[in-house]
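So the structure is just underneath, and the comments pick up after that.
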Amino acid sequence: MKRILSLIGVVLVVGCGGGEPRDMETLQELEPKDMGALRGVDGLYLNPEDGQPYSGPVFGENMGKRMTGSLRDGKWDGPFESYQTRGS
0 MKRILSLIGV VLVVGCGGGE PRDMETLQEL EPKDMGALRG VDGLYLNPED
50 GQPYSGPVFG ENMGKRMTGS LRDGKWDGPF ESYQTRGS
């Protein structure tokens, strides 16, 4: 009986783990991350804190262009905006 209860406990703990949210509505609620803080490796954007592909909203500025968008599993996903800071 103890063995069964232990097994059920392990399954509940592993199965109910929080993990990173994957649906875009939940990801859009996260604080946007600066693209400069992410590591680009082989076309993927990785979170430098844990080395895992980043999912969530991002922003950045490069050579006078500002951009906003979303990444899912380290790749661009969904709407993306890019514009010149000087208005052209």
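The opening position of the sequence shown corresponds to residue 0 in numbering that gives the first Met the number 0, with each subsequent residue numbered one higher.
Every residue gets a Cβ at the ideal spot worked out from N, C-alpha and C, and that includes glycine.
Remember, it's a predicted structure, so these values are computed and weren't measured experimentally.
Its chain contains G55, P56, V57, F58, T67 as the residues whose beta carbon lies nearer than 8 Å to that of P31, once the 5 sequence neighbours on both sides are disregarded; these appear in chain order.
In the structure shown, S5 adopts helical secondary structure according to DSSP, grouped into three states. In the structure shown, the three-state DSSP call for M62 is coil. Sequence-distant Cβ neighbours of L70 in its own chain, meaning closer than 7 Å and more than five residues away, are Y44, Y53, S54, G55, V57, D76. From the listed residues Y82, Q51, R2, T84, the smallest Cα separation to K74 is found for Q51.
Listed in chain order, the non-local C-beta contacts of M34 below 6 Å within the same chain comprise V57, G59, local neighbours out to five positions each way being set aside.
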